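Take a look at the structure below.
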Ligand code: CA
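Numbering (our numbering), first residue to last: -10 to 234.
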């Protein structure tokens, strides 16, 4: 059924509720779905467990002995370790919804008692799907940090920096964009028109010779001998090419 939950390390859910029947029921069904379940019968224990080893999701009843669910949620949100752990609130009163979902507490979802177990499982799955999407997006962002490297030139797209022989190279915005485009297409000839179109804002009137000027500056900064460039080659009458990797 829920292959995603079983595929990787099982997701851990903390169930916080003082009614033992409900805890038993939820534990049974969540474990059947492949989740790992921990439970706490009061708010104090819940917070200890959560801070000690942050769960992947918390199911939290409002009516609890000691510290109530609203306060537990508030404390989870204000601790760095648990600030982003999804919280599904259980409430006996619909009137509490605004408070639960509002900015004050920021729970991710809620269910009004009495609720069906199927419905709760569906909500939990949906919350994990959203969590996975967020995690995938975060991974994709990290993936973009792939650096471009050729010989002794290294370009860091995310940091907007270039190093030559390990030394930081002060490039202008245009020079950086030109170099990035050339490196991304290494081995291919890029025409002056294409470079102009990609690097310069086309509302601005620029001559194709402008490209030559910036390439000259760029060579002075990255080439050992700008008169005999190794990295950025001129393809006469056409444009420029970054040396093939
Ligand atoms: Ca309760």
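Idealized CB from N, CA, C, for every residue including glycine.
All values reported here derive from a predicted model rather than from experimental measurement.
How close, in whole Å, do the beta carbons of residue 0 and residue 25 come, if the pair is a contact with beta carbons under 8 Å?
With a Cβ gap of about 7 Å, residue 0 and residue 25 count as contacting.
Taking residue 221 as part of the beta strand (DSSP E), name the residues at either end of that continuous run.
221 to 224 is the extent of the beta strand (DSSP E) around residue 221.
In whole angstroms, give me the CA-to-CA distance for residue 231 and residue 128.
Cα to Cα, residue 231 sits roughly 30 Å from residue 128.
Return yes when the Cβ of residue 79 is within less than 8 Å of the Cβ of residue 110, no when it is not.
No. Outside cutoff.
Nearer than 7 Å: is that true of the beta carbon of residue 45 relative to any heavy atom of ligand 1?
No, since every heavy atom of ligand 1 falls outside the 7 Å radius drawn around the Cβ of residue 45.
Count the other C-beta atoms from every protein chain shown that fall within 10 angstroms of the C-beta of residue 50, then say buried if there are 16 or more, exposed otherwise.
When all chains shown are included, residue 50 counts as buried.
Once the 5 residues before and after residue 74 are set aside, which same chain residues still bring their CB inside 8 Å of it?
Here the set comprises 39, 43, 44, 45, 46, 47, 65.
Please output, in chain order, the residues near ligand 1 using a CB cut-off of less than 6 Å to any non-hydrogen atom of the ligand.
Residues flagged by the Cβ proximity filter: 6, 7, 8, 50, 52, 53.
Starting from residue 152 and walking both ways along the beta strand (DSSP E), at which residues does that stretch end?
That run of the beta strand (DSSP E) goes 150 to 153.
Use the C-beta contact count for residue 157: other C-beta atoms within 10 angstroms, 16 or more gives buried, fewer gives exposed.
By the neighbour-count rule (16 or more Cβ atoms within 10 Å), residue 157 is not buried but exposed.
Taking the beta carbon of residue -2 as the centre, do at least 16 other beta carbons fall within 10 Å, making it buried, or is it exposed?
Classification of residue -2: exposed, given that the 10 Å Cβ count is below 16.
In angstroms with no decimal places, state the Cα-to-Cα distance between residue 35 and residue 41.
Approximately 10 Å between the Cα atoms of the pair.
Under 7 Å Cβ to Cβ from residue 181, same chain only, skipping five residues before and after it: list those, please.
Within the same chain, residue 181 has close Cβ partners 197, 200, 228.
Taking just the CA atoms, how far does residue 165 sit from residue 208?
Looking at the two C-alpha atoms, the distance is approximately 12 Å.
Do residue 56 and residue 33 have their beta-carbon atoms positioned less than 8 Å apart in this structure?
Yes, these two residues count as a Cβ contact at 8 Å.
So for residue 229, helix, strand or coil by DSSP?
Strand.
Cβ of residue 99 within 7 Å of any heavy atom in ligand 3?
Summarising the ligand content, the structure contains ligand 1 and does not contain ligand 3.
Run through the DSSP bridge pairs and tell me what residue 143 is partnered with.
Answer is 138, 152, bridged to residue 143.
Secondary structure at residue 80, three-state DSSP: helix, strand or coil?
Residue 80: strand per DSSP, three-state reduction.
Compare the C-alpha of residue 3 against each of 10, 17, 29 and name the closest.
Among 10, 17, 29, the Cα nearest to that of residue 3 belongs to 29.
Give me, in chain order, the residues of the same chain whose beta-carbon lies closer than 8 Å to that of residue 172; leave out the 5 immediate sequence neighbours on both sides.
Excluding residues within five positions, the ones whose Cβ falls inside 8 Å are 137, 139, 142, 144, 231.
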